Amino acid sequence: MPFIPHTANDIREMLAVIGVPDIDALFDEIPRELRCEVLESIPAGLTEMEVGRLMEERATRDGRRLNFIGAGAYEHHIPAAIWAIVARGEFYSAYTPYQAEASQGTLQLLYEFQSMMTSLTGMQASNASLYDGASAVAEACLMAVRANRRSKSARILVPAALNPVYRAVLASITGNQDVSVEVLPYDARGGHLSTAALEKYRGEDVTALVIQQPNFFGTLEDVDALTDLAHAEGMLVIAVVNPTSLAVLKPPGEWGSKGVDIVCGEGQPLGVPLSSGGPYFGFMTTRMEHVRQMPGRIVGRTVDLDGKPGYTLTLQAREQHIRRSKATSNICTNQGLLVTAATIYLALLGAKGLAQVANASIERTAQLVAALTRIRGVHAVFDRPRFNEAVLQLDRPVAPVLEALTARGIVGGYDLAPHYPALGCALLVCATETRTAADIDAYARALAEVLDEAAAA
Amino acid sequence: MSEKLIFEHSAPGRSATAQYPEVAAEAAIPEALRRRTPPALPEVSELQAVRHYTRLSQLNFSIDTHFYPLGSCTMKYNPRACNAYAMLPGFLQRHPLAPESTGQGVMQCLWELQEMLKAVTGMRGVSLTPMAGAQGEFAGVAMIRAYHRARGDDTRREIIVPDAAHGTNPATATMCGCSVREIPSLPDGDIDLDALRAQLGPQTAGIMLTNPSTLGVFERRIREVADIVHKAGGLLYYDGANLNAILGKVRPGDMGFDVIHMNLHKTFSTPHGGGGPGSGAVGVSERLLPYLPVPVVGREGERFRWLDERDLPQTIGRLSAFAGNTGVLLRAYVYMRMLGREGMHRVSGFAVLNSNYLMARLRKAGFEPAYPGRRASHEFILTLRREAREFGATAMDFAKRLLDYGYHAPTTYFPLLVPECLLIEPTETEARAELDGFVEAMSAIRQEAQTEPDKLKGAPYTLPVRRLDDVRAARQLDLAWRAA
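So the protein lines, in turn, are chains A and B. The first sequence begins at 0 in numbering that gives the first Met the number 0 and counts up by one. The second sequence begins at 0 in numbering that gives the first Met the number 0 and counts up by one.
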């Protein structure tokens with residue numbers, strides 16, 4: 000019996016202690032007519048070897064291609080040490096650290112994570128993580144509604160160049176809570192959010208402005224001016240950031256004259272594999288004055304009975320298991336294992352290593368854009384500075400081009416047409432430190448061929 | 000045993016340069032957008048980092064090192080194969096937005112997982128996208144609201160929960176714009192049907208239940224509950240926290256539930272990871288099919304594709320950036336394939352055997368079950384009110400002292416309505432000797448409570464720290480290390 004240790008003798012003796020004839024008798028409080036018999040449609044069990052073979056076949060079928068997509072999930076080098084430690088049973092198979100004395104390893108690690116994230120974002124307090132970047136944005140908006148006591152409107156402004164999936168998740172999560180979300184257009188030339196787009200809200204009651212840096216197009220926003228303008232109008236400012244970029248970009252705590260109020264984003268770039276979409280983790284930091292409105296687990300340092308330092312979950316009065324229907328959120332997990340990976344990643348890279356990852360990504364993206372725009376029929380769309388992504392315009396629809404590239408072993412980018420029809424045949428491409436000059440050449444050659452063949456057809 | 004902070008291992012100028020990419024020059028970033036002072040990240044060698052985090056891991060209790068009878072959490076063994084096969088390079092390296100043609104292997108696994116979860120729960124449709132149990136609950140209640148709204152019945156905004164419900168249930172109802180009504184449990188642990196009838200009305204959106212309940216007993220009149228709620232126009236939500244107790248024996252769909260979330264990190268053995276990632280797949284009955292959160296994997300002949308808003312125009316929408324915690328789903332898939340159909344029955348059979356055995360032994364050792372007239376499900380409650388009254392030893396004291404004996408504490412003070420309670424769930428993967436050892440530890444602790452009552456108050460003694468000052472933690476907030 001897989002994973003069940005009982006011998007026939009154990010079973011017999013245990014039943015005797017209970018005083019029942021067989022295991023089935025232990026289910027005698029379930030009404031007979033409700034009992035199900037055989038789960039026909041579930042296949043018979045396999046050995047580990049058989050499942051291993053099956054999974055190898057499927058993983059191999061999905062293969063390995065040269066990836067040039069970002070769009071919210073970024074391929075970075077992951078030091079081998081990280082997952083060797085993360086997979087240790089003491090991290091992998093531990094529960095949420097409610098029993099602090101038996102969970103100091105996880106708790107101290109979370110405290111270190113919080114320290115790293117507050118420093119990286121330039122804020123004062125961090126939680127121990129949320130589910131992913133998309134849900135973190137939604138939680139940040141709900142938090143802003145609680146934290147901005149001067150605003151009565153529950154109106155949130157989001158840029159059109161905020162990741163469209165984040166906007167979709169924001170709509171699903173806040174949909175039943177009387178929060179209104181209004182979308183601000185991007186500047187057609189720069190792809191950024193201009194202060195002019197905010198002007199029409201002057202004098203109105205708006206709860207918060209969301210700014211994504213870099214935005215979904217990879218464009219850098221004019222964060223100082225936007226932050227100051229929003230603050231002048233009584234809005235809170237929520238920064239949505241790529242954590243890698245913060246090694247070289249101004250941290251949100253320093254945006255404008257006062258810094259932003261809430262920072263959140265997708266933590267995946269910090270040592271978490273792409274893994275077909277998850278698990279990743281979301282992060283959130285804030286100013287100390289708003290910490291009681293922040294959702295999710297928070298770890299604090301304190302002392303034990305002997306005065307020795309130790310770590311424990313704190314501010315639990317915000318949470319569902321204490322506050323029930325009045326909790327800040329229903330969330331009751333963080334993404335502990337992924338945060339473990341991210342903490343080790345940041346420890347190994349340090350400020351200098353992370354800056355080199357960021358700089359290399361900027362450099363390779365610039366090289367990619369240069370290489371691809373040398374091809375006839377390919378143009379860069381926006382003229383502002385960018386981080387590790389760029390929007391390119393093709394002379395024909397993107398989807399068939401991407402399919403043709405896939406056949407050549409290249410995952411060529413993300414088709415923007417479904418979410419941004421106004422951009423025409425637009426393709427979002429990305430390069431990180433993992434893409435070499437040879438990779439970029441290979442992509443450029445393949446794209447030139449595909450476009451030539453399409454033009455000839 | 001303790002370990003310095005990683006920042007205290009740091010020295011200026013030290014680095015793990017094997018991890019650095021090469022860069023030709025510093026990138027051109029406009030001055031106004033550039034970071035001026037570097038973040039305060041540690042500067043350590045690779046060995047220092049590896050040793051530090053390995054040592055931290057050793058300060059934890061975990062399933063791999065300790066018996067973990069944590070009620071309501073299903074801390075069963077997490078087979079290593081699930082981790083190894085979910086982390087094959089082909090799965091790990093795939094970008095979630097790469098064309099579907101490059102993801103047929105992973106999508107086939109997810110589609111088959113959907114089908115197997117439908118089969119074990121008796122539901123008509125499954126979406127794997129919720130990233131944790133609480134998000135599955137959110138999806139469930141949001142679907143209930145969407146259903147009523149689509150019928151022009153949007154005044155139904157009240158969710159009924161039993162007084163023993165998990166805190167996430169009322170918190171979820173609030174997030175979905177609903178208010179909450181609590182109904183009491185009867186002395187035998189079943190729902191008070193008269194109280195339920197009295198609460199039902201045209202304002203009722205639905206009821207959220209676990210079955211077996213958080214009191215560790217099976218709700219025997221569940222069909223009656225379902226009929227009453229359905230007649231009043233409400234829907235039934237099944238909180239899958241306790242699915243391990245009934246896997247392969249009885250299905251929520253057959254009990255009359257309309258929507259269920261499953262905690263794959265409990266019943267289907269994906270890791271708890273020190274507090275996540277979880278996975279809270281949802282299953283629905285026929286009437287809620289149109290509202291499932293997207294994306295869902297669909298099959299067309301031999302091809303698999305993502306069904307999205309175009310396929311399910313009435314969906315409650317998206318809950319995650321991509322498609323939920325895919326890697327966790329693959330672990331659950333591997334687990335279910337290894338168990339197979341006969342393994343499903345065994346999970347609940349042996350979970351319930353271990354639970355009833357442990358309850359019987361503790362009872363013979365003089366402890367008081369909270370519901371002595373009932374069968375235990377996969378878990379049961381002890382009340383230590385007698386120990387508290389006679390020796391001044393609380394449930395918390397027992398819990399902390401158990402740590403010294405090498406057992407993770409059971410869930411304490413939940414459910415709230417049983418005084419001085421321990422909620423104990425041994426799971427099916429524990430051997431009898433482990434359960435016997437736990438009984439001996441409990442008896443020894445009671446002995447200590449009688450003879451050396453102060454000893455319990457000071458426990459634990461043998462862990463990296465003793466009891467922590469939670470009040471100080473909340474009053475003098477220290478949430479991040481700062482350079483001196």
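The beta-carbon is built from N, C-alpha and C at its ideal position, and this holds for glycine as well. A quick note: this is a predicted structure, and the numbers were derived from the prediction, not measured.
Self-check item: Validate contact between the segment 361–370 of chain B and the segment 35–46 of chain A using beta carbons, cut 8 Å, 3 pairs
Solution: no
Quiz item: What residues in the segment 217–231 of chain B have a beta carbon less than 8 Å from any beta carbon of chain A?
Solution: Phe217, Arg219, Ile221 and Arg222
Quiz item: Any residues in the segment 96–114 of chain A with a beta carbon nearer than 9 Å to a beta carbon of chain B? Which ones, in chain order?
Solution: Pro96, Tyr97, Gln98, Ala99, Glu100, Ala101, Ser102, Gln103, Gly104, Thr105, Leu106, Gln107, Leu108, Leu109, Tyr110, Glu111, Gln113 and Ser114
Quiz item: CB B:Val351 to CB A:Phe26, shorter than 8 Å?
Solution: yes
Quiz item: Under 7 Å Cβ-Cβ, which residues of chain B neighbour A:Ile29?
Solution: By Cβ distance, chain B contributes Phe217, Lys248 and Val249.
Quiz item: Along the segment 164–185 of chain B, what residues have a CB closer than 7 Å to any CB found in chain A?
Solution: Gly166, Thr167, Pro169, Ala170, Thr171, Ala172, Thr173, Met174, Cys175, Gly176 and Val179
Quiz item: Would A:Tyr419 count as contacting chain B if we go by Cβ distances under 8 Å?
Solution: No Cβ of chain B is located within less than 8 Å of the beta carbon of A:Tyr419.
Quiz item: DSSP puts B:Pro368 in a beta bridge; with which residues?
Solution: B:Leu381
Quiz item: Between the C-alpha atoms of A:Arg166 and A:Thr285, what's the straight-line distance to the nearest angstrom?
Solution: 21 Å
Self-check item: For B:Leu357, the nearest candidate out of B:Ser442, B:Arg150 and B:Ala141 (CA to CA)
Solution: B:Ser442
Quiz item: Can you find a heavy atom of the ligand GTP that lies under 7 Å from the Cβ of B:Arg286?
Solution: As presented, the structure is devoid of all ligands, the ligand GTP included, so that no description of it is given.
Self-check item: Beta carbon proximity, A:Asn66 to chain B, threshold 8 Å
Solution: Output row for A:Asn66: interface = yes.
Exercise. Let me know the secondary structure DSSP gives A:Val50 once reduced to three states.
Key: helix
Quiz prompt | B:Leu234 versus A:Ala101: straight-line alpha-carbon distance, rounded | solution = 41 Å
Quiz item: Relative to the C-alpha of A:Trp82, which residue among B:Ala48, B:Gly277, B:Leu402 and B:Asp253 is closest?
Solution: When each option's Cα is compared against that of A:Trp82, the closest is B:Ala48.
Quiz item: When DSSP labels each residue in this structure, what does B:Asp403 get in the three-state scheme?
Solution: helix
Quiz prompt | Under 8 Å from the C-beta of B:Gly457: neighbouring residues of chain A | solution = Listed by position along chain A, the residues whose Cβ is nearer than 8 Å to that of B:Gly457 are Leu304.
Quiz item: Measuring CB to CB, does A:Val302 end up less than 8 Å from B:Asp468?
Solution: yes
Quiz prompt | Exposure of B:Leu185, with buried meaning 16 or more beta-carbon neighbours within 10 Å | solution = Answer is exposed; the Cβ neighbour count stays below 16.
Quiz item: Would B:Cys420 pass as a contact of B:Lys265 if the rule is Cβ separation under 8 Å?
Solution: no
Quiz item: Where do the N-terminal and C-terminal ends of the beta strand (DSSP E) with B:Phe303 fall, by residue?
Solution: B:Phe303: member of the beta strand (DSSP E) spanning Arg302 to Leu306, first to last residue.
Quiz item: Does any C-beta atom of chain B lie closer than 8 Å to the C-beta of A:Val356?
Solution: yes
Quiz item: Mind checking if B:Tyr19 is an interface residue toward chain A, Cβ cutoff 8 Å exclusive?
Solution: Taking Cβ atoms only, chain A reaches closer than 8 Å to B:Tyr19, which makes this a yes.
Quiz item: To which residues does DSSP link A:Ile261 through a beta bridge?
Solution: A:Ile237 and A:Thr285
Exercise. Can you tell me the Cβ-Cβ gap for A:Gln107 and B:His407, rounded? I've got them flagged as a contact below 8 Å.
Key: Not a contact, Cβ separation roughly 18 Å.
Practice problem: Please list the residues of the segment 201–215 of chain A that have a C-beta atom closer than 7 Å to any C-beta atom in chain B, keeping them in chain order. | Solution: none
Self-check item: Exposure label - B:Gly247; buried when at least 16 CB within 10 Å
Solution: buried
Quiz item: For B:Phe379, which residues of its own chain have a beta-carbon under 7 Å away from its beta-carbon, when the five flanking residues on both sides are left out?
Solution: Result list for B:Phe379: Gly215, Ser354, Met358, Pro368 and Ile423, in chain order.
Practice problem: Measure from the C-beta of A:Phe381 to each C-beta in chain B and report whether the shortest distance is under 8 Å. | Solution: With a threshold of 8 Å between beta carbons, A:Phe381 makes no contact with chain B.
Practice problem: Check each candidate in A:Ile261, A:Ser328 and A:Pro242 and name the one with the smallest Cα separation from A:Pro268. | Solution: Restricting attention to A:Ile261, A:Ser328 and A:Pro242, the CA atom closest to the CA of A:Pro268 is found in A:Pro242.
Quiz prompt | Chain-ordered neighbours of B:Val351 on chain A, where CB pairs are closer than 8 Å | solution = Within chain A, the residues near B:Val351 are Ile22, Leu25 and Phe26.
Practice problem: Using a Cβ-Cβ cut-off of less than 9 Å, give me the residues of the segment 298–329 of chain B that come near chain A, in sequence order. | Solution: Listed in sequence order: Glu308, Thr314, Ile315, Gly316, Arg317, Leu318, Ser319, Ala320, Phe321, Ala322, Gly323, Asn324, Thr325, Gly326, Val327, Leu328 and Leu329.
Practice problem: Using alpha carbons as the reference points, say which of A:Ala93, A:Pro96, A:Ala72 and A:Gly104 lies closest to B:Pro93. | Solution: For clarity, residue 93 of chain B is Arg in the given sequence; the question names Pro instead. For B:Arg93, the nearest C-alpha among the options comes from A:Ala72.
Quiz item: Does the beta carbon of B:His260 come closer than 8 Å to any beta carbon on chain A?
Solution: no
Self-check item: Outcome for A:Glu362 when other beta-carbon atoms lying within 10 angstroms are tallied against a minimum of 16
Solution: buried
Quiz item: Taking Cβ positions only, does B:Leu478 come closer than 8 Å to chain A?
Solution: yes
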